[in-house]
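Working notes, structure below.
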Amino acid sequence: SSNQNDVDGIRKSVLAGFFYHTARLRKDGSYVTVKHPHTVEIHPQSALFGQNPKLVCYHELVLTTKEYMRQVLEIRPEWLLEVAPHYYQSKDLDGFKGKMPKSRG
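First residue of the sequence shown: 1, per UniProt numbering; consecutive thereafter.
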């Protein structure tokens, strides 16, 4: 069995390399990229397809009938500020108010 802290550490490591490839869930079930709003969806062959995580990091986008994210993993909003404070600010993650630290001050 794996320790959840180990799994989170691996996910943070991936996020550190792909922090600019993030998307958040919309109310309609689609996703929108965090920094430069663009509609994308989780690829149907992904293990996360249909699970609707609120925030994800992805490796690549593939255009078929829609623009799909591939190699997707669920992330926590506070991780973005932790691994990429030079790129993300709290205002980029407004929809996650209850889960965000108040300040990095």
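Note that the Cβ used here is the ideal one computed from N, Cα and C, for glycine as well.
Alpha-carbon to alpha-carbon, residue j and residue i
{"i": "residue 167", "j": "P37", "result": "There is no way to answer for residue 167, as the model of the chain reaches only from 1 to 105."}
{"i": "V83", "j": "K27", "result": "27 Å"}
{"i": "L61", "j": "N3", "result": "30 Å"}
{"i": "V14", "j": "D6", "result": "13 Å"}
{"i": "F18", "j": "G29", "result": "23 Å"}
{"i": "D8", "j": "N52", "result": "18 Å"}
{"i": "residue 106", "j": "S90", "result": "Absent from the model: residue 106. The displayed extent of the chain is 1 to 105, so no value can be given."}
{"i": "Y68", "j": "L25", "result": "13 Å"}
First and last residue of the uninterrupted beta strand (DSSP E) at residue i
{"i": "R70", "result": "67–74"}
{"i": "V40", "result": "39–42"}
{"i": "R24", "result": "22–25"}
{"i": "V34", "result": "Element bounds for V34: n/a, residue is neither H nor E."}
{"i": "H59", "result": "55–63"}
Distance CB(residue i)-CB(residue j) smaller than 9 Å
{"i": "H21", "j": "T33", "result": "yes"}
{"i": "L48", "j": "E74", "result": "yes"}
{"i": "R11", "j": "H43", "result": "no"}
{"i": "D92", "j": "K35", "result": "yes"}
With 16 other Cβ atoms within 10 Å as the buried cut-off, status of residue i
{"i": "H86", "result": "exposed"}
{"i": "L63", "result": "exposed"}
Extent of the continuous alpha helix (DSSP H) run through residue i
{"i": "L81", "result": "77–83"}
{"i": "L15", "result": "4–18"}
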